[in-house]
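Structure first, then comments.
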Amino acid sequence: MGVEAVKDDVASWLRRAGFMVSELPTGQAPGALWVLGAQLGGVRITVAGLGGVNALVFSIGIALSPQHAAAVSRLSAEERVRLSARVLRAIASVCPACRAGVQPSLAEPRAFVAQRILLLEALGPQTAVEYAMSLVNVYLAVNTVLWELAPQPGAGVPAPQTHV
């Protein structure tokens, strides 16, 4: 079975786990045959089907809120690098299999990204949901570090700007 054939299955499995799922333009993921957006609460992730490698890429991007961006801008360059390192360590603690990064740089963090690659031979309902939920945990890990830096009242509700 190729990556084209699994899109409906993945969407169904994520819906059964409580995600709202929609189809997105493939331009959001270069090389993707299809892209799904999945949202749980205010946390949004994407799932892209890559045909050349027969794999799915689960991704999340977490942009700094204006309040967190202001708090980060008041830090020295050295403190911003330390903050970026703390966030990356937090991501690795909840998702050791994730590829993670900082955009645009460690010293100027504006967003944090994480991805998991799922090869089709390992695909099933449990693995698809686990991969998606691991990115929800990434969202919480990143925001826990940011909330320690700059607490925000009502921060228990994920902000809707979180996506790739």
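In the working numbering, each residue carries its 1-based index in the sequence shown increased by 15. Where is the CB? At the ideal position from N, CA and C, for every residue including glycine.
Simplified DSSP assignment, three categories, for residue i
{"i": "Val-179", "result": "Unreliable placement is indicated for Val-179, whose pLDDT of 41 sits below 50; the coordinate value is still reported in the next sentence. Three-state DSSP puts Val-179 in coil, outside helix and strand."}
{"i": "Gln-54", "result": "strand"}
{"i": "Tyr-47", "result": "For clarity, residue 47 is Ala in the given sequence; the question names Tyr instead. It is a strand residue."}
{"i": "Ala-165", "result": "coil"}
{"i": "Leu-98", "result": "helix"}
{"i": "Gly-17", "result": "coil"}
{"i": "Leu-103", "result": "helix"}
{"i": "Gly-42", "result": "helix"}
{"i": "Leu-138", "result": "coil"}
Residue i burial status per 10 Å Cβ neighbour count (16 or more: buried)
{"i": "Pro-124", "result": "buried"}
{"i": "Met-35", "result": "exposed"}
{"i": "Arg-97", "result": "exposed"}
{"i": "Arg-114", "result": "exposed"}
{"i": "Leu-51", "result": "buried"}
{"i": "Val-68", "result": "exposed"}
{"i": "Ser-88", "result": "exposed"}
{"i": "Arg-30", "result": "exposed"}
{"i": "Ala-92", "result": "exposed"}
{"i": "Glu-163", "result": "exposed"}
Test item: CB-CB of residue i and residue j under 7 Å
{"i": "Val-62", "j": "Val-21", "result": "no"}
{"i": "Tyr-154", "j": "Ile-106", "result": "no"}
{"i": "Ala-156", "j": "Ile-60", "result": "no"}
{"i": "Val-160", "j": "Arg-101", "result": "yes"}
{"i": "Leu-121", "j": "Ser-99", "result": "yes"}
{"i": "Ser-165", "j": "Ala-86", "result": "Reading off the sequence, residue 165 comes out as Ala, not Ser. Contact flag set, yes."}
Member of the options whose CA lies at the smallest distance from the CA of residue i
{"i": "Arg-131", "options": "Gly-64, Ala-32, Leu-39, Arg-30", "result": "Gly-64"}
{"i": "Glu-145", "options": "Gln-43, Ser-74, Ser-88, Glu-38", "result": "Ser-74"}
{"i": "Ser-27", "options": "Pro-140, Val-151, Glu-19, Ala-47", "result": "Pro-140"}
{"i": "Phe-127", "options": "Leu-134, Leu-135, Gln-118", "result": "Gln-118"}
{"i": "Leu-138", "options": "Arg-31, Ala-70, Val-87", "result": "Ala-70"}
{"i": "Pro-111", "options": "Ser-80, Ser-149, Leu-79", "result": "Ser-149"}
{"i": "Leu-39", "options": "Pro-166, Gly-17, Trp-49", "result": "Trp-49"}
{"i": "Pro-209", "options": "Val-109, Val-72, Ala-84, Ser-37", "result": "Within the shown structure, residues of the chain are numbered from 16 to 179, placing residue 209 beyond reach of any answer."}
{"i": "Gly-116", "options": "Gln-167, Ser-108, Ala-129", "result": "Ala-129"}
{"i": "Asn-152", "options": "Gln-43, Pro-81, Thr-41, Gly-57", "result": "Gly-57"}
Element boundaries [beta strand (DSSP E), containing residue i]
{"i": "Ser-74", "result": "70–78"}
{"i": "Leu-39", "result": "35–39"}
Boundaries of the alpha helix (DSSP H) in which residue i is found, first to last residue
{"i": "Arg-114", "result": "Where Arg-114 is concerned, there is no enclosing alpha helix (DSSP H), although the beta strand (DSSP E) it sits in stretches over 114–120."}
{"i": "Leu-134", "result": "That residue, Leu-134, is in no alpha helix (DSSP H); its beta strand (DSSP E) goes 123–134."}
{"i": "Val-87", "result": "81–88"}
{"i": "Val-25", "result": "22–31"}
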